[in-house]
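Novice: Once you've had a glance at the structure underneath, I'll fire off some questions.
Structure below.
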């Protein structure tokens with residue numbers, strides 16, 4: 011992986027991580043206070059692992075939603091989908107245990123966010139995030155096994 015420009019990303023736990031800044035970067039830090047405020051959605055003890063502007067590949071300033079993934083340092087993960095549109099939209103967020111175990115899901119019409127949803131063992135846990143004007147008219151249908159670290 012070729013690194014371009016690097017900058018420090020402080021997390022709520024006051025640790026720092028190096029983050030690659032490219033047009034397709036996962037983390038768009040334009041307002042650190044917003045990211046810190048989002049940490050309380052999962053509860054105490056969670057720190058930001060990843061924030062993905064969606065739809066994937068779109069300029070982060072034109073994102074419709076942001077998928078946030080937090081871990082608690084004990085293997086438990088939390089994800090939620092933040093609404094960046096500014097009005098209620100159909101939103102769905104789902105996280106499952108690796109290997110097809112149990113899933114936690116939240117779906118409905120939300121003005122702020124869908125979730126949080128939790129998984130007890132987050133390594134490579136599959137996550138699905140959806141957003142649109144309705145459940146049958148989606149402009150985001152994102153699935154990944156790599157929101158959380160896989161080791």
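In this note's numbering, the protein residues as written are 11 to 161. Think of the CB as a built atom: it goes at the ideal place given N, C-alpha and C, for glycine as much as any other residue.
With a Cβ-Cβ cutoff of 8 Å, do residue 114 and residue 129 count as a contact?
Specialist: Here residue 114 refers to the residue found at position 104 of the chain shown. Here residue 129 refers to the residue found at position 119 of the chain shown. Closer than 8 Å, so yes.
Novice: Hey, residue 88 and residue 135: beta-carbon distance below 8 Å or not?
Specialist: Taking the first residue of the chain shown as 1, we reach residue 88 at position 78. Taking the first residue of the chain shown as 1, we reach residue 135 at position 125. Cβ distance not < 8 Å, so residue 88 and residue 135 don't count as in contact.
Novice: Please report the residue range of the beta strand (DSSP E) in which residue 10 lies.
Specialist: Coverage of the chain is limited to positions 11 through 161, which leaves residue 10 absent and any answer about it impossible.
Novice: Using CA coordinates, which residue listed in 158, 145, 138 is at the minimum distance from residue 152?
Specialist: Here residue 152 refers to the residue found at position 142 when the chain shown is read from its first residue. For residue 152, the nearest C-alpha among the options comes from 138.
Novice: With DSSP run on the structure shown, which of helix, strand or coil describes residue 136?
Specialist: Working through the chain shown from its first residue, we reach residue 136 at position 126. Coil, per DSSP.
Novice: What does a CB cutoff of less than 7 Å around residue 148 pick up in its chain, not counting 5 residues either side in sequence?
Specialist: For the purposes of this step, residue 148 is identified with residue 138 of the chain shown, where counting begins at 1. Cβ neighbours of residue 148 beyond the five flanking positions: 140, 141, 142.
Novice: How long is the line joining the alpha carbons of residue 159 and residue 74, rounded to whole angstroms?
Specialist: The residue labelled residue 159 in the question sits at position 149 within the chain shown. The residue labelled residue 74 in the question sits at position 64 within the chain shown. Distance between the alpha carbons of residue 159 and residue 74: 24 Å.
Novice: Less than 7 Å between C-beta atoms, sequence neighbours within five positions excluded: which residues of the same chain meet that for residue 52?
Specialist: One-based indexing of the chain shown puts residue 52 at position 42. Cβ within range, chain order: 80, 88, 126.
Novice: Per DSSP, what are the beta-bridge partners of residue 150 in this structure?
Specialist: Here residue 150 refers to the residue found at position 140 of the chain shown. Partner(s): 141.
Novice: What are the boundary residues of the beta strand (DSSP E) that residue 113 is part of?
Specialist: Taking the first residue of the chain shown as 1, we reach residue 113 at position 103. Unbroken beta strand (DSSP E) run through residue 113: 113 to 120.
Novice: Closest by CA to residue 100, which one among 150, 156, 155, 154?
Specialist: Translated into the one-based positions of the chain shown, residue 100 becomes position 90. The shortest Cα separation from residue 100 among 150, 156, 155, 154 belongs to 150.
Novice: Please report the residue range of the beta strand (DSSP E) in which residue 105 lies.
Specialist: The residue given as residue 105 occupies position 95 in the chain shown. Taken as a continuous stretch (DSSP letters only), the beta strand (DSSP E) holding residue 105 covers 99 to 106.
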